[in-house]
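**Student:** Going by this note's numbering, the sequence shown opens with residue 341, and the numbers climb by one from there. For each residue, glycine too, the CB sits at the ideal point set by N, CA and C.
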Amino acid sequence: MIVFRRFRVLVLTVFLVACSVHVVIDLLPRLEGREAGASGSGPQQTSAACACPRGPAEESRGWAAWPNKHTLRLLQDFSNNLTSHSREKTAEAPSRLAIQSQKQNQRPRPDGHERRAGAKETTAFSRKAAAKGSRLHALFEHPLYQRPLPTLTEEDTLFNVNTDIRFDPKAAENHEWHGQEKDGGDYAPTGDFSPDSYPNWLRFHIGINRYELYSRHNPVIDAMLKDLVSQKITSVAMKSGGTQLKLIMTFQNYGQALFKPMKQTREQETPPDFFYFSDFERHNAEIAAYHLDRVLDFRRVPPVAGRLVNMTKEIRDVTRDKKLWKTFFISPANNICFYGECSYYCSTEHALCGKPDQIEGSLAAFLPDLALAKRKTWRNPWRRSYHKRKKAEWEVDPDYCEEVKQTPPYDSGTRLLDIMDMTIFDFLMGNMDRHHYETFEKFGNETFIIHLDNGRGFGKHSHDEVSILAPLSQCCRVKKSTHLRLQLLAKEEYKLSALMEESLQKDSLAPILIQPHLEAMDRRLRLVLQVLADCIEKEGYSSVVEDDLFSESKDMHLAPRR
341 MIVFRRFRVL VLTVFLVACS VHVVIDLLPR LEGREAGASG SGPQQTSAAC ACPRGPAEES
401 RGWAAWPNKH TLRLLQDFSN NLTSHSREKT AEAPSRLAIQ SQKQNQRPRP DGHERRAGAK
461 ETTAFSRKAA AKGSRLHALF EHPLYQRPLP TLTEEDTLFN VNTDIRFDPK AAENHEWHGQ
521 EKDGGDYAPT GDFSPDSYPN WLRFHIGINR YELYSRHNPV IDAMLKDLVS QKITSVAMKS
581 GGTQLKLIMT FQNYGQALFK PMKQTREQET PPDFFYFSDF ERHNAEIAAY HLDRVLDFRR
641 VPPVAGRLVN MTKEIRDVTR DKKLWKTFFI SPANNICFYG ECSYYCSTEH ALCGKPDQIE
701 GSLAAFLPDL ALAKRKTWRN PWRRSYHKRK KAEWEVDPDY CEEVKQTPPY DSGTRLLDIM
761 DMTIFDFLMG NMDRHHYETF EKFGNETFII HLDNGRGFGK HSHDEVSILA PLSQCCRVKK
821 STHLRLQLLA KEEYKLSALM EESLQKDSLA PILIQPHLEA MDRRLRLVLQ VLADCIEKEG
881 YSSVVEDDLF SESKDMHLAP RR
């Protein structure tokens with residue numbers, strides 16, 4: 341009996357000790373957080389005291405401590421200052437948020453950027469070369485790249501800024517974000533609420549109009565590209581939908597970007613047995629697509645920049661997405677890896693691994709929130725079947741374009757000509773994955789096409805997929821401005837490959853494309869011009885080339901199409 345009682349006492353004692361240990365483990369991270377907060381800049385002092393990098397094994401010890409909670413609220417609803425046509429259609433407008441104007445101070449780059457010191461020098465060299473008269477600088481000084489836009493009215497701008505009303509950070513309903521100033525002093529209140537003091541991502545949104553995402557010489561775009569590379573990442577979450585892993589990253593200035601991690605090296609080509617719909621999405625293709633779009637003077641791709649990301653500090657430690665967080669692991673080579681959740685290539689066998697925890701990726705700037713500027717999604721008339729055996733209608737009907745030209749919105753305006761621009765853009769990249777496109781709803785059918793999701797371009801430099809040019813060869817239509825620019829880029833002094841090489845040197849991950857991909861663009865450009873030459877010979881110049889160079893016309897997009 342006595343032995344039994346002693347056994348019960350022993351069991352009870354062990355139970356109490358176990359409970360005490362669990363309580364201490366749960367309270368320890370919170371106590372450490374309070375001690376860090378009480379010591380002011382405790383984390384910064386710690387990192388300053390020991391500048392030696394931690395290995396993956398040491399990083400993994402902190403995995404049990406869940407990241408501190410911070411707000412993910414988007415400060416993109418600046419309804420007190422912007423009048424949006426799309427918001428007038430909304431029955432219940434989003435609640436008013438405020439945006440605090442903030443001055444950005446210089447701060448050190450994330451770990452791993454020391455390896456990109458050579459890229460910095462290259463960027464500085466490129467800027468000096470442009471100032472001295474580089475090919476890219478000469479191109480943008482050409483008359484074809486100096487055409488003015490029609491006079492913009494309130495109906496032609498996506499947002500109308502009322503400068504008489506200032507943004508007031510105290511008007512925000514959620515005051516939690518003010519507390520984040522403790523973690524970084526880069527954005528302290530200044531008292532200046534003029535539009536020039538807005539974050540660069542917001543100034544980019546305000547500059548969108550009926551004819552372009554951004555103007556040719558807008559300094560905000562270069563500043564925004566720098567923000568994509570240098571801004572502190574405060575939140576990461578997986579993007580829903582899509583076939584492959586993409587991450588939504590939120591920055592300290594409340595801007596957002598879509599992150600596509602590196603899956604292939606620059607030398608790898610798409611395997612010959614891969615279907616176009618199962619191909620990898622390449623981060624360098626997204627970067628190169630933005631620069632190609634700019635060289636072609638379309639300006640329909642949102643700004644994209646390459647960035648070397650610390651997977652531990654800038655993804656795992658700041659994410660609130662438990663599904664993403666659980667997929668992190670350390671590989672046998674002692675590298676940090678993760679795979680997330682998606683339809684394709686999200687498994688341990690296809691994990692994304694750093695070296696040891698650094699990974700390249702592309703960051704594409706977000707467009708305005710759909711609550712403020714609705715976008716309409718259109719099915720591409722020349723969409724592929726996305727089937728292993730079936731073919732689309734346009735692949736079997738040579739007169740398919742005649743049917744398209746009788747269908748709105750392709751029966752009037754410039755939408756069909758914009759499809760031709762997109763076709764040329766995709767062919768130069770080798771992108772077969774253009775199933776849909778988007779436009780801003782406010783501008784109706786008289787606006788440009790947004791060139792989104794270009795990750796499946798630049799997959800094969802040794803093969804030219806001529807079927808991408810089917811819309812151009814079937815319709816035999818092109819804008820005069822596009823035709824003249826293509827002819828210009830085929831000249832030796834404005835060689836497309838040389839211009840792209842120079843433009844891509846400005847990116848922090850340069851080189852972005854290997855030489856065979858650059859040479860493939862020159863070869864494909866000649867094929868595009870040959871298709872147009874055949875069309876002109878068959879139907880006549882005036883029937884093929886649509887004159888859009890009447891800059892004195894008030895509205896270019898309302899001009900009738902022959």
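Checking 9 angstroms against the spacing of the C-beta atoms, do Ser821 and Arg647 come in under that value?
**Tutor:** No; because the gap between Cβ atoms is not below 9 angstroms, this pair is not in contact.
**Student:** So, is Tyr527 buried or exposed, given that buried needs 16 or more other C-beta atoms within 10 angstroms?
**Tutor:** Summary for Tyr527: the model assigns pLDDT 47, below 50, so the residue's position carries little reliability; its value from the coordinates is reported in the next sentence. Answer is buried; the Cβ neighbour count reaches 16.
**Student:** When DSSP builds the beta bridges, which residues end up paired with Ser575?
**Tutor:** According to DSSP, which records beta bridges pairwise, Ser575 is partnered with Thr590.
**Student:** Measure the C-alpha to C-alpha separation of Ile573 and Gly595 and round it to an integer number of angstroms.
**Tutor:** 10 angstroms
**Student:** Residues in its own chain within less than 8 angstroms of Val868 by CB, not counting five upstream and five downstream?
**Tutor:** Ile764, Phe767, Leu768, Leu809, Leu812 and Leu826
**Student:** So, with DSSP's three-state summary, where would you put Trp734?
**Tutor:** helix
**Student:** Taking DSSP as the reference, what is the three-state secondary structure of Val818?
**Tutor:** Strand at Val818.
**Student:** By the 10 Å Cβ neighbour count, where 16 or more other Cβ atoms means buried, how is Phe780 classified, buried or exposed?
**Tutor:** buried
**Student:** Return the first residue and the last residue of the beta strand (DSSP E) that Arg647 is part of.
**Tutor:** Val644 to Asn650
**Student:** What number of angstroms, rounded off, separates the C-alpha of Thr497 from the C-alpha of Phe544?
**Tutor:** 12 angstroms
**Student:** If we call anything under 9 angstroms between Cβ atoms a contact, is Arg475 one with Ala850?
**Tutor:** no
**Student:** Confirm the yes/no value for this check: CB of Phe669, any heavy atom of the ligand GDP, distance under 8 angstroms.
**Tutor:** The ligand GDP is not part of this structure, which contains no ligands at all.
**Student:** Indicate the three-state DSSP secondary structure (helix, strand or coil) for Ile790 in the structure shown.
**Tutor:** DSSP, read as helix, strand or coil, puts Ile790 in strand.
**Student:** Please list, in chain order, all residues of the same chain as Ile876 whose beta carbon is under 6 angstroms from its beta carbon, the five residues on each side excluded.
**Tutor:** The answer, listed in chain order, is Val884.
**Student:** Starting from Ile546 and walking both ways along the alpha helix (DSSP H), at which residues does that stretch end?
**Tutor:** Segment Asn540 to Ile546, the alpha helix (DSSP H) holding Ile546.
**Student:** Is it buried or exposed, Glu833, if we count other Cβ atoms within 10 angstroms and call 16 or more buried?
**Tutor:** Of the residues assessed, Glu833 falls on the exposed side of the cut-off, its CB having fewer than 16 other CB atoms within 10 angstroms.
**Student:** Identify every residue that forms a DSSP beta bridge with Thr300.
**Tutor:** Look at the range of the chain in this structure, 341 to 902, and you will see that residue 300 is not part of it.
**Student:** Which residues bound the beta strand (DSSP E) around Thr779?
**Tutor:** His776 to Phe780
**Student:** Quick one: complete alpha helix (DSSP H) runs, 4+ long, within the segment 720-768?
**Tutor:** 733-736 and 740-744
**Student:** Distance, Cα to Cα, Leu692 vs Arg817?
**Tutor:** 43 angstroms
**Student:** Roughly how many angstroms separate the alpha carbons of Ile759 and Glu626, rounded to a whole number?
**Tutor:** 20 angstroms
**Student:** Within its chain, find whatever has a CB closer than 6 angstroms to the CB of Leu350; leave out the 5 residues flanking it on each side and keep chain order.
**Tutor:** none
**Student:** Below 8 angstroms CB to CB, which residues in the same chain sit around Arg864 once its five sequence neighbours on both sides are set aside?
**Tutor:** Phe767, Leu768, Gly770 and Asp804
**Student:** Helix or strand or just coil, what does DSSP make of Thr659?
**Tutor:** strand
**Student:** Whole angstroms are fine: how far does the CA of Gly784 sit from the CA of Ser426?
**Tutor:** Here Ser426 scores only 39 on pLDDT, less than 50, and its place in the model should not be relied on; the value that follows carries that caveat. Distance between the alpha carbons of Ser426 and Gly784 is about 11 angstroms.
**Student:** Which same chain residues end up closer than 6 angstroms to Asn577 when comparing Cβ atoms and leaving out the 5 residues on each side of it in sequence?
**Tutor:** For clarity, residue 577 is Ala in the given sequence; the question names Asn instead. Excluding residues up to 5 positions away in sequence, Ile588 and Asp661 lie with their Cβ nearer than 6 angstroms to the Cβ of Ala577 in the same chain.
**Student:** Are Glu841 and Leu829 closer than 9 angstroms when you measure CB to CB?
**Tutor:** no
**Student:** In the DSSP assignment, what are the bridge partners of Ser843?
**Tutor:** Note: Ser843 sits in no beta bridge, so no partner.
**Student:** Identify the continuous alpha helix (DSSP H) that holds Pro856 and give its terminal residues.
**Tutor:** Gln855 to Glu879
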